[in-house]
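Be aware that the sequence shown starts at 6, since it is given in this note's numbering, and climbs by one per residue.
Remarks on the structure that follows.
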Amino acid sequence: MTDGEKKRKFIFDKYSENIIFLKSNSVIDIELKYDRTYICPICLDQFSEAALDQTLQNPLSLEDAPPKSLGGKANILTCKKCNNTCGHEIDKHLTERMQELDHHKFLPNIEFTAKFEINGSTIQGKISIDENGTMTAYHMDKNNNPIKLQDYIKTAKKDSIINLQIDKKQVNPINLQIALLKIGYLLTFEKYGYSLILDNSYDRIRQQLKNPFEVIYPLDFWFKAPLPKEIYGVPFIIEKGLEAICPIFPLKTKVSEYVFGTIVPLTTKPIEDVITELKERFKVQKRFPVAFDPMNGGVDYLTDLKAISKMKTWINNLK
Ligand SMILES: [Zn+2]
Numbered sequence: 006m007t008d009g010e011k012k013r014k015f016i017f018d019k020y021s022e023n024i025i026f027l028k029s030n031s032v033i034d035i036e037l038k039y040d041r042t043y044i045c046p047i048c049l050d051q052f053s054e055a056a057l058d059q060t061l062q063n064p065l066s067l068e069d070a071p072p073k074s075l076g077g078k079a080n081i082l083t084c085k086k087c088n089n090t091c092g093h094e095i096d097k098h099l100t101e102r103m104q105e106l107d108h109h110k111f112l113p114n115i116e117f118t119a120k121f122e123i124n125g126s127t128i129q130g131k132i133s134i135d136e137n138g139t140m141t142a143y144h145m146d147k148n149n150n151p152i153k154l155q156d157y158i159k160t161a162k163k164d165s166i167i168n169l170q171i172d173k174k175q176v177n178p179i180n181l182q183i184a185l186l187k188i189g190y191l192l193t194f195e196k197y198g199y200s201l202i203l204d205n206s207y208d209r210i211r212q213q214l215k216n217p218f219e220v221i222y223p224l225d226f227w228f229k230a231p232l233p234k235e236i237y238g239v240p241f242i243i244e245k246g247l248e249a250i251c252p253i254f255p256l257k258t259k260v261s262e263y264v265f266g267t268i269v270p271l272t273t274k275p276i277e278d279v280i281t282e283l284k285e286r287f288k289v290q291k292r293f294p295v296a297f298d299p300m301n302g303g304v305d306y307l308t309d310l311k312a313i314s315k316m317k318t319w320i321n322n323l324k
């Protein structure tokens, strides 16, 4: 077995057992097509172990939440169809935006393209920042008109002021936020298995992930904040009025780390209500305390019935 095969089988076993466990304890009520079933968290189609065969048309494939390019590891299976619609193409926008943030901060050990301008003459160049933070600007022979470049070199004197314009990547702002939603949703699935996500109230997130070019989910569901490491993971916000799931994860580029929080609603409360309540509080105060329950303490929410029941009771009591 290759590493990929081992990983896929491991994830299949873990979550197909989770379904059987939840069903036999009446936590969920669902018709299963196979003795051992994996449900794709995005389209909710059911798959048997045979779907691990990658030569099939729509096999179960490894998914990294967060994307591998931003420090994530393969932790979930989604069907290839979902992986294609909401996969690398969408994640790319998030990765590129994170790299762009690094460029604007001129952090060490990065290189990026830019335009240099002196007295109206502009050429294409490259900025490289070494490990000590020393910045070197190059012009490029390849991407410049040779006459324009000669002109520019003649104009550029030791003391001339050069305007620098960092090249903008083609980042789609909707796609990049959908990529954040996918991470938050898949991390919720990774931790709580099928005990929460099979509820109809998550259809909207799934619709959004299946249609990454439309806005279906309110886009102010995420925030970027310096949060303490102890809270990384999938805690619950237990503050009265703000109750929700709050996946928190770092995204790592080559040189920096950005921490994001995302809001995934509980089955009893629409996302809009949580966002409205948050905005109301910001109106009154710039800062206010929010209580989190980290939901860990060594508890495995895939197999610990007591913990799952306690969580479900707490959610149901919010109705
Ligand atoms: Zn799917």
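Note that beta-carbon positions come from the ideal geometry of N, C-alpha and C, so glycine has one too.
Under the 10 Å beta carbon count, P294 is surrounded by fewer than 16 other beta carbons and is classified as exposed. C87 has its CB nearer than 6 Å to a heavy atom of ligand 1. Secondary-structure assignment with DSSP links K131 through a beta bridge to T118, Y143. The beta carbon of I250 sits no closer than 6 Å to any heavy atom of ligand 1. Under the three-state reduction of DSSP, V264 is assigned to strand. When rounded, the separation of the alpha-carbon atoms in G303 and R102 is 35 Å. Taking 8 Å as the upper bound for CB-CB distance, E282 and P223 are not in contact here, some 13 Å apart. For K38, the CB contacts under 6 Å within the same chain, skipping 5 residues up- and downstream, are Q51 in chain order. With a cutoff of 7 Å on beta-carbon distance, G238 and C251 are scored as not near each other. Runs of beta strand (DSSP E) with 3 or more residues, each lying fully within the segment 37-84, are found at 65-69, 79-84, listed in chain order. Contact annotation: A184 and D96 have beta-carbon atoms nearer than 7 Å. Judged by beta-carbon spacing, L181 lies within the 7 Å limit of H98, meaning their Cβ atoms are closer than that value. Inter-residue distance for C91 and I47 is about 9 Å (C-alpha atoms, whole angstroms). Just so you know, the alpha carbons of W319 and R41 end up roughly 30 Å apart.
A distance below 7 Å separates the beta carbons of L203 and I33.
Under the 10 Å beta carbon count, A56 is surrounded by 16 or more other beta carbons and is classified as buried. For A230, the secondary structure class from DSSP, reduced to helix, strand or coil, is coil. Within a 10 Å sphere around the beta-carbon of Q213 sit 16 or more other beta-carbons, which makes this residue buried.
Of the heavy atoms belonging to ligand 1, none sits nearer than 6 Å to the Cβ of I128.
Taking the CA atoms as reference points, S31 sits about 40 Å from F287. About 6 Å separates the beta carbon of A119 from that of D172, a gap short enough to meet the 8 Å contact definition. Around G76, the same chain offers K257 as residues with beta carbons nearer than 6 Å, after the five sequence neighbours per side are excluded. Check the Cα spacing between F254 and each of E244, K153, L192, D8: the tightest is with L192. Here K196 is buried: its Cβ has 16 or more other Cβ atoms, across all protein chains shown, within 10 Å. In this model, P151 and N80 are separated by some 50 Å (Cα to Cα). Residue nearest to H109 within the set L247, K174, N89 is K174 (criterion: CA-CA distance). In the DSSP assignment, no residue is bridged to D208. E248 counts as buried, since no fewer than 16 other beta carbons sit within 10 angstroms of its beta carbon.
For V269, DSSP records a beta bridge to I250.
Of the other Cβ atoms in all chains shown, fewer than 16 fall within 10 Å of the Cβ of Q62; this residue is therefore exposed. D298 is bridged by DSSP to F241. Taken from the Cβ of C91, every heavy atom of ligand 1 lies 6 Å or farther away.
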